[in-house]
Amino acid sequence: MSKRVAVVVFPGSNCDADTLAAAQAVGSDAYYVWHRDTDLRQADVVILPGGFSYGDYLRSGAIARFSPVMRGVEAHAQGGGAVLGICNGFQILCEAGLLPGGLMRNARLKFVSRPVRVRVETTDTPFTCLSTQGDELVVPIAHGDGRFVADARTAAELEAEGRVVWRYVGDNPNGSTNDIAGICNVARNVVGIMPHPERRNDPLLGGPDGARVFQSMEAGSCDAARWRSSR
Amino acid sequence: MAPYRVEVRVMPRAALLDPQGQAVEHALHALGFAEVKQARVGKHLVLEVEAATRADATARARAMCDRLLANPVTEDYHLAVDGGEAA
């Protein structure tokens, strides 16, 4: 049976339609949930898409993390349900405390929009379970506030616990700590990624690599029960 | 209840790279202000709040900073209430 995938729409989200299409392309039963709704309608997976929620006012994600839907997202995550935050979604998850660290202005200040190469560092998440460790993917980035930072202790924990999920290869586009492009929480069900897998999920869009993330999500072996039991 | 003016200064944490501050520093050097040893860029918020006492206003403002106005992972903040130093 298809995974039920809730794509949350905040005021200022702009990757919601691409994300919905990428989930539907792998067979998921994907649908939108408006940020003022609190009912995720029996979602198996929740995706917080990219964009500029609330205009990035104050800090990227700082206001969206208090949207009513986030209470449902937090409950879903605490129950072991899979959550993926893409770009602005990653920023929101960090602001909400569902992921450690934070995302700051790119080291070279410019908004960077281009494909980058990332390496899959762990397959032990709902969004990389069909990948092979060491796989390299070409996926686009499009962010001004993409520099992942964490204090030395948190960064060491992420490394020691295998919670760096994707890492930039060759060139780090934003100056992030340890070249980090994506991480997961301790329970491994909540994942954040700065690049946009939904923007490069088909040869027509320049390459198929991003589809891996959605195929993993849809694959049967990635069900919530597993992540719940592994906590 | 009385009106208080709360000013909040939010700065990137000292240990973290502040690329905006660096850009400003370089620009000042380019203009001949060689005496600038470091520049950092933060933000300044001004709140008008109603509170019974200055201590109450300060406590509420601190709660606002902890919940929303500053991110403790990346930023430090400093409060001034009614022009007086509260932090």
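Residue numbers (numbering that gives the first Met the number 0), protein chains in the order written: chain D, 0 to 230; chain S, 0 to 86. All C-beta atoms in this analysis are idealised placements derived from N, C-alpha and C, irrespective of residue type, glycine included.
Item	Value
Those residues which DSSP pairs with VAL138(D) across a bridge	VAL115(D)
As assigned by DSSP and simplified to three states, the class of VAL23(S)	helix
Supposed contact pair ILE85(D) and GLU197(D) - C-beta distance, whole angstroms, cut 8 Å	7 Å
is_contact[ALA60(S), chain D] using C-beta, thresh 9 Å	no
As assigned by DSSP and simplified to three states, the class of CYS183(D)	strand
Complete beta strand (DSSP E) runs within the region 49-83 of chain S (minimum length 3 residues, chain order)	74-80
Same chain, Cβ closer than 6 Å to SER112(D), five either side skipped, listed in chain order	ALA141
Whether GLY181(D) touches PHE110(D) by CB criterion (9 Å)	no
9 Å Cβ cutoff met for PHE126(D) and LEU97(D)	no
Contact set between VAL72(S) and chain D, taken where Cβ atoms lie within less than 7 Å	GLY100, GLY101
Collapsed DSSP secondary structure at PHE147(D) in the structure displayed	strand
Of the listed residues ASP144(D), VAL189(D), VAL137(D), GLY161(D), nearest to VAL168(D) (C-alpha basis)	VAL137(D)
Any non-hydrogen atom of the ligand ZN within 8 Å of LEU46(S) CB	Of ligands this structure carries none, so the ligand ZN is not represented either.
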